[in-house]
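The structure under discussion appears below in the form of structure tokens.
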Amino acid sequence: MKLSISALTLGMGLFCFSACSDEFLEQTPQQSLSIDNAVEDLNSLNAAVNGLYSRMQGANIYGWDLPLIPDLRADNAYISSKNAGRFLGFDEYGLTDGNGRVASEWSSHYAVVVNASNIITRVPETTFLSSEQDEANQLLGEAYAIRGLNYWNLLRLFAPPYSSDGGASAGVPFNNEGTTGEIVTPARESVAAGYAQVTADLEAAIGLMTEDTDGRFSVNGARALLAKVKLYEEDWTEAEAMATSVIESGDYTLYASADEWFGSWGSVFGSEDIFALSFSPTDNSGTNSIGGIIDQDGYGDVLATEDLFEAYSETDYRRQFLIRGDRADGEKDALFPEGKYPEGETGEDYVKILRLSDIYLIRAEARAELDDESGAIADLTAVAAKRDAAFSGDDLSGDDLIDAILDERRKELAFEGDRVFDLMRRQRSWTKYRTFETEEVSWNNPQLINPIPRAELDNNPNITQNDDY
Amino acid sequence: MKLRTTPSSLLVPLFLLLSAVSHAQFTASGLITDNEGTSVIGASILIEGTSTGTVTDIDGLFTLDIPRNQATLIVSYTGFGSQTFDITSQNPYLEIELSPSAELLQEVVVVDNGYGSQDLSTFSGAATKVLPENFANVPRTNFQESLAGNVAGLQVSQGSGQPGAFQSVQIRGLGSINASSSPLYVIDGIPVFTGNVGNESTTSTPLAGLNPQDIEDIQVLKDASATAIYGSRGANGVIVITTKKGKAGATRVDVNVQSGFSNVSLADKIRPLNSSEYLELIREGLINAGDAADVAEANEIIADRIDDPSVDTDWFDAITQQGSFTNANVSASGGTDQSRYFLSAGYQNNDGTIIGTGFERYSSRLNLTSDMTDWFQLNLNTSLSYTDQRTVADAGAFANPVRSIFRFVPVEPVYEEDGSYNIGINSGYNPVGESTLNKRKSNILNLLGSISAVVDLPFIDGLTYEPFFSYNSIRGSDETFFIPDFGTGASSNGYAESDHDMRNNWMARNMLKYRQRFNDAHGIDLTLGMEAQQFDRDFTQATSENFAFPSLTTLDNGSNPVGAGQSKTTNSLVGYFFMGNYNYKGLVYANGTYRRDGSSRFGADNRYANFYSFGVGINLERFDFLAGNRIINQLRLRSSYGQNGNQAGIGNFASRGLYGTGDDYMGNPGILLDQLANSMLTWEVNKPFNVGMDLGLFNRVSLTVDLYSRRTSSLLFERPVSRVNGVSEINSNIGELENRGIEVSLETQNVLSPSNGFTWTTSFNITRNRNEVIALPEGDFADGSYYRAVGQPWNTWYMRGYANVNPETGEPRWYIDETEAETTTEYNDAELYEHGAADPSFYGGMRNTFSFKGVSLAVQLNYNWGSQILHVWSSYTHTDGQRGFSTTGNLARSIYNRRWQQPGDVTDTPQFILGDNRSSQSRSTRFLYDGSYLSIRDVVLSYSLPASLRNPLKMGNVRVFAQASNLAIFTKDDRLERDPRTDSDGQIDQEIPIPRTVTFGLDLSF
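Chains as they are written, first to last, in my numbering: chain V, 1 to 469; chain R, 10001 to 11006.
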């Protein structure tokens, strides 16, 4: 026990007034920083940017929801009839505005956005040594790229696809000012304004970054993301250009064999990875992870559909990431998508956010739309032929070519968080598979878009709800 | 286990001390009657020149140990004044007839607020004393539990039946929203920390280390006059615990042993479906879903999906056990006119009714008072206790065994055929295995000590200086081990955690007191003081994984030391105070208090605040027109008003804008925004007003009625904000709440017998409290299942209105809106609206005591009426098929009993359809119940040996007893399948049920 002099004085005498008691009442936090000291030099900037990545590891961003829910909502996955109650609202199209997972997706993404905005607004007010300036710029660029990524995720989760009406629908609110001391209640901007914001953030990031570190955003990461964003925006020219710049950087190579492809999953960065999020034991994801919900030793509630299995030809080695078996007390002869998340319930599988196959397929689709069918077929073949020796795309053209590219996206990127978004932006219908039933689903089923959470509606008078909630 | 020997080794000096103390010279006894020959109950008898005394029993009889060969006894009784009688060892029996007197009585009843005692007859506040019979011998670990039903205006929410669990207490309603509504606990003048210690248990409290047998009395302070001295900590009432002190005279030794067993109460209501019932539902569900055409097809699917449908596990039996309760105490007290002591040692073992739960306590106490000179008195109070609470996973955790009682399907076995635990269920968490093999221990070593003095200052008669210094050291240590084989520890191949939670609290207080009576008319009592108190916490935690041997559970045995952490925090408080009491001949009186407090929790600009109270009273029975009145023996009117504050339950740095550390990435340190700043954050301000009356009739009936209101403003509140701000709330002072109500306490002596015959006494109390939101600066808002609106109780329910099942189709229906005119079968089409409040209309307790010739029977009933309570986990247990074949998809009994089966069935439970997605299990009034109940809280049957039998044995008291606690509970709502005793928020959780305990015991004194 440590007693300060003033404390002792207080104890011993009746007549010690404000001076010594003021000192006695002065306590400082031991585990927290004042907001004013959060971004004030390179050291704190580094920590603040690490915090952004850490927050994205959360279960309701990349730890669990983003890689899983887009496949669950579409035709790749379903919840076992033996389940612990998770994700049923997404599987059964039964979301309500009180859904806790949806609320956490909303709040988690905005936590990243606001922390990024705090960095973006404070760095210009901070003076760095000239020797530190490049690193500071890199970190600022990462903050921009992360903010862009999170805004884009919010747009994909909570608003209709850009392609449905050219971005005219309500998108999501912005918070670009960060923590100012004022409580904000912003209205939703249009989807088009949202895509403009994402583009601006990514362009700022591209102009600032110089380094390329595994597990973090780089210039190529921002370009790759911009290519994908432009694809969703149907700006084919820009998508093609961005994809080309990433491919031509030469920093990444396509997995050339089954061994390389299978070896790229788990706690590793592969040669295709442009941006993947690292997970380690100290991140404490455990079973609350994409691996944990798939692993039959963990929750094991998520199963792959036969339809996905059938999508792969017998000569396609990727088919083997789906492992066939009986779910204990559940479905017989089911498909466990464990091959892409081999670390399972430890939660230590890296989550791939952007990788080279995706970029090739983005460029293939953009080129097909730009009537460069031979270029499109070349890009498609670059990926597909490496996975399935029997693949030939020579005869494809027109809608068949687009269909083939979408199918290839499904096969290559299954359980990486793309499927429902691809189907929605391309306005396709599909069959939803469940244990006891199937359901025909249209791309514009309102349940495919999250409700704005009840907590936001209650506390933000300027917000509006999505259709049908 | 080294620590355990420490408390018991304290016993050694105890017995050494005992043998050194001399015995009484002789025992006086006698009978006291009034001038009409009726036995007088409760007359006080004091040995002149000492503080030793007794009171007459129900027959007007008394016995008193006299340390000398002769003595003068002062006998006093309301309405009869004081009279003195001499007694000698040659003639130790007295029959005394009192004659009525108009003289003012110097009542011995005092109220001790922790800063000193005050004559109750000149006290303008509302305070209730809890008697030892209500807490001392009852088979409950924590004295808090025994407050339930015994104090008007006080509610105890026994959320968990975990032995040793902290009990949530509210005095005069919910006084805070996001800060704490808990009263301040003061033990022998020391405001103490009462919250959870360590990391493993969620229910531990240092209060469970306090041996109820050591408590002399518990004073519950409720209004401004009573609590203003606690300033910034008094808003939600104060519970002042005074432990026993020695009295001059012969050594008295008390021995108490008690032992018994306990079971889960309400077992019939919570027992889950058996296999035949469950499978009947599944078959029906498959057919209703169209998955099977008939029973045969359904059976085929079942055979395909369930390993062995013939298994029939009763998870209730697997998870529950017969608990036990054992308590043993020994205490000794006595001393001389110069030095008095009280010494005690106690042991308790309490095994819970859920496997893996239990509590053990070793306690000891030494209280010393010494008049070192005629002007210097020294007091030393020390207590040391060690508690060991064994807990299980709780709330929504997979390993929570209580959860599994309700949720596990009966067709899953606890064990596989080879005897190993079945881990093909519940994601591998077998709760029987987890509760049996894992270790979750929360130990608390609690040292509470104070040293204080009373110094009579020279020159001014009646002026004293009273320094007081206290130290409380709470050492919490958790031992946690999760076996590698399955469940919680599986993913890490065995997991151990060691936590050390060291909480120090020290306080220094100085007081100048002046007490004087002028001209035999003006009584003055003044106190001027200052105090400083500091609470420190130093918490360290280390974890380790990958264990080879389940029997070697310390950190070193894990090959992978995964984590270590430490956090420290401090808060400090300074107070300056003044108390003044004045009375005129004991007829009329006034009390005033002023206190200025400073707290480290608030911003430098808003750090200090002022608190005060003012109260007046009149003792009408002391005026001539009522003096000696044989009907009204007491009529006191009193009133008080004031302002006190609350700062409990918020973080030590709640006003600051903070980034938190620990958000690391790839091994590099990271930070994130934690909390928004609010530099204006300050105390909650509570303004209590009270009018009270104490009425005594025929010396047999005493009635206390208090009318009160208290308005709390500047509520400390985590105001939810748009999540676009990056956090979900900001600490604010917003809004106002008011509680107003009426408390009635009635004590009656219904049948009195002059000769040890049949007697019957009753004590009864009832409270009606109305909680109301007065202001919400940003208007009414929905908050989950509550609607927070001005003019209504804070905990007003808000959800979709369930309209029962369409009798023709079996579909669930909800009301479209609050008009309840139209229904819909689409959950999302129904609007949310309000449905009453979680608060009861009234609550209280009644205790009847019957005795005849040494046999005594006491029965206490507690009741609560008119609350609405919500079953928050019903979406898992009350589905209508949504959970499918899930191994945690067992169904509540009501689903089986009340499901719709054919057109025309009128019920609240829809048709059972497997794989259903009609949202009928989602939150609605379907799961809102009437929480009204009547419980048989305590039944005590005892027999005391008559003096003729025990005197030859030289025994002061010999009593055998049987005691049942929580014997039965009757609920008004037949639909309710859980214990209605929820926390004040009205939520039924997956907590350990409150047990029914039956014990047998023996009290001896000599």
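We put the CB at the ideal spot given by N, CA and C, even for glycine. Here the structure is a predicted model, which is why all the values come from computation and not from measurement.
Please determine, among R:Thr10391, R:Leu10380 and R:Arg10340, the residue with the shortest C-alpha to C-alpha distance to Gly10352 of chain R. Answer by Cα proximity: R:Thr10391.
Residues of chain V with CB under 7 Å from Pro10840 of chain R, in chain order? Those do not exist, as Pro10840 of chain R stays about 27 Å from chain V at its closest Cβ, beyond 7 Å.
Could you check where the alpha helix (DSSP H) with Ala116 of chain V kicks off and where it finishes? Note, Ala116 of chain V: alpha helix (DSSP H), Gly100 to Arg122.
On the premise that Phe174 of chain V lies in contact with Gln197 of chain V, defined as a C-beta separation below 8 Å, what is that separation, rounded to the nearest angstrom? The beta carbons of Gln197 of chain V and Phe174 of chain V sit about 6 Å from each other, so the pair counts as a contact at 8 Å.
Given a threshold of 16 other Cβ atoms within 10 Å of its Cβ, counted over all protein chains shown, does Asn10750 of chain R qualify as buried or as exposed? Exposed.
Buried versus exposed call for Tyr10525 of chain R [16 or more other C-beta atoms within 10 Å across all chains shown]: The sequence as given places Asp at residue 10525 of chain R; Tyr does not occur at that position. The residue in question, Asp10525 of chain R, is buried, as its Cβ has 16 or more Cβ neighbours within 10 Å.
Between which two residues does the beta strand (DSSP E) harbouring Val10616 of chain R extend? Val10616 of chain R -> beta strand (DSSP E) spans Tyr10608 to Asn10619.
Which residues of chain V have a Cβ atom closer than 9 Å to the Cβ of Ser10920 of chain R, listed in chain order? Ordered by position in chain V, no residue passes the 9 Å Cβ test against Ser10920 of chain R, which lies about 11 Å from the chain.
Does the beta-carbon of His10522 of chain R have 16 or more other beta-carbons within 10 angstroms, so that it is buried, or is it exposed? Residue environment analysis places His10522 of chain R among the exposed positions, since fewer than 16 neighbouring C-beta atoms fall within 10 angstroms of its C-beta.
Run down chain V in chain order and give the residues with a C-beta less than 8 Å from the C-beta of Asp10273 of chain R. The question names Asp, but residue 10273 of chain R in the sequence shown is Leu. From the beta-carbon of Leu10273 of chain R, no residue of chain V is found nearer than 8 Å; the closest lies around 17 Å away.
Hey, out of V:Pro337, V:Ala385, V:Trp152 and V:Ser164, whose CA is closest to Val229 of chain V's CA? Among V:Pro337, V:Ala385, V:Trp152 and V:Ser164, the Cα nearest to that of Val229 of chain V is on V:Trp152.
Run the CB neighbour count on Gly11 of chain V, radius 10 Å, all protein chains shown included, and call it buried at 16 or more, exposed below. Confidence at Gly11 of chain V is low in this model, with a pLDDT of 48, below 50, so the placement of that residue should be treated as unreliable; the coordinate-derived value is given next. Answer is buried; the Cβ neighbour count reaches 16.
By DSSP, does Pro10132 of chain R sit in helix, in strand, or in coil? Pro10132 of chain R sits in a helix when the DSSP states are folded into three classes.
So for Gly63 of chain V, helix, strand or coil by DSSP? Reduced to three states, the DSSP call for Gly63 of chain V is helix.
Work out the CA separation of Gln10167 of chain R and Asp422 of chain V for me, nearest whole Å. So the alpha carbons of these two residues sit roughly 54 Å apart.
Note the first and the last residue of the continuous alpha helix (DSSP H) segment covering Lys228 of chain V. From DSSP, the alpha helix (DSSP H) with Lys228 of chain V extends over Val219 to Tyr232.
Over the uninterrupted beta strand (DSSP E) stretch that includes Pro10495 of chain R, give me the two end residues. One point to set straight first is that residue 10495 of chain R is Tyr, not Pro, in the sequence displayed. Per DSSP, Tyr10495 of chain R belongs to the beta strand (DSSP E) from Tyr10495 to Phe10518.
Could you name the residues that DSSP lists as bridge partners for Met10799 of chain R? Partner(s): R:Tyr10833.
In DSSP terms, what Ala304 of chain V is bridged to: Beta bridge pairing from DSSP links Ala304 of chain V with V:Ala77 and V:Leu335.
For Leu149 of chain V, three-class secondary structure by DSSP: Three-state DSSP puts Leu149 of chain V in a helix.
What residue range is occupied by the uninterrupted alpha helix (DSSP H) comprising Tyr10278 of chain R? Start and end: Ser10275 to Asn10288.
Taking DSSP as the reference, what is the three-state secondary structure of Gln10070 of chain R? DSSP places Gln10070 of chain R in strand when its eight states are reduced to three.
Could you compute how far the alpha carbon of Arg10607 of chain R sits from the alpha carbon of Gln10647 of chain R? Distance between the alpha carbons of Arg10607 of chain R and Gln10647 of chain R is about 11 Å.
Between the beta-carbon of Arg10440 of chain R and the beta-carbon of Val10197 of chain R, is there less than 8 Å? Taking 8 Å as the Cβ cut-off, Arg10440 of chain R and Val10197 of chain R do not qualify as a contacting pair.
Length of the line joining the Cα atoms of Arg10740 of chain R and Arg147 of chain V: Arg147 of chain V has its alpha-carbon roughly 51 Å from the corresponding atom of Arg10740 of chain R.
Beta carbon of Arg10361 of chain R nearer than 8 Å to that of Ser10385 of chain R: Taking 8 Å as the Cβ cut-off, Arg10361 of chain R and Ser10385 of chain R qualify as a contacting pair.
In the DSSP output, what is Met10693 of chain R paired with across the bridge? Among the bridge pairs identified by DSSP, Met10693 of chain R is matched with R:Leu10637 and R:Val10705.
Quick test of your reading: Ile10239 of chain R and Ile10215 of chain R, contact by CB under 8 Å. State the CB separation rounded to the nearest angstrom. With a Cβ gap of about 11 Å, Ile10239 of chain R and Ile10215 of chain R do not count as contacting.
Option nearest Pro10132 of chain R by Cα separation, candidates R:Thr10243, R:Gly10209, R:Phe10026 and R:Ser10099: For the options R:Thr10243, R:Gly10209, R:Phe10026 and R:Ser10099, the alpha carbon positioned closest to that of Pro10132 of chain R is the one of R:Thr10243.
Counting Cβ pairs closer than 8 Å, one from the stretch 10304-10312 of chain R and one from the stretch 10405-10415 of chain R, do we hit at least three? Yes, since at least three Cβ pairs between the stretch 10304-10312 of chain R and the stretch 10405-10415 of chain R fall closer than 8 Å, the two stretches touch.
Thinking C-beta only, is Ser10370 of chain R closer than 8 Å to Ser10383 of chain R? No, the pair does not count as a contact, with Cβ atoms beyond the cut-off.
Please name the residues in the stretch 345-356 of chain V whose beta-carbon is closer than 9 Å to at least one beta-carbon of chain R, in chain order. Taking 9 Å as the Cβ-Cβ cut-off against chain R, the residues of the stretch 345-356 of chain V that qualify are Glu345, Thr346 and Gly347.
Top-ranked residue by Cα proximity to Gly10657 of chain R, from V:Pro29, V:Phe24 and V:Ser21: Looking at V:Pro29, V:Phe24 and V:Ser21, the one whose alpha-carbon comes closest to that of Gly10657 of chain R is V:Pro29.
Are Val9951 of chain R and Ile10936 of chain R closer than 8 Å when you measure CB to CB? Missing from the structure shown is residue 9951 of chain R; chain R here goes from 10001 to 11006 and no further.
DSSP bridge partner residues for Asp10119 of chain R (one or two, in chain order): For Asp10119 of chain R, which the question treats as bridged, DSSP gives the partners R:Val10110.
Could you tell me the alpha carbon to alpha carbon distance between Thr126 of chain V and Thr213 of chain V, rounded to whole angstroms? Computed Cα separation, rounded: 24 Å.
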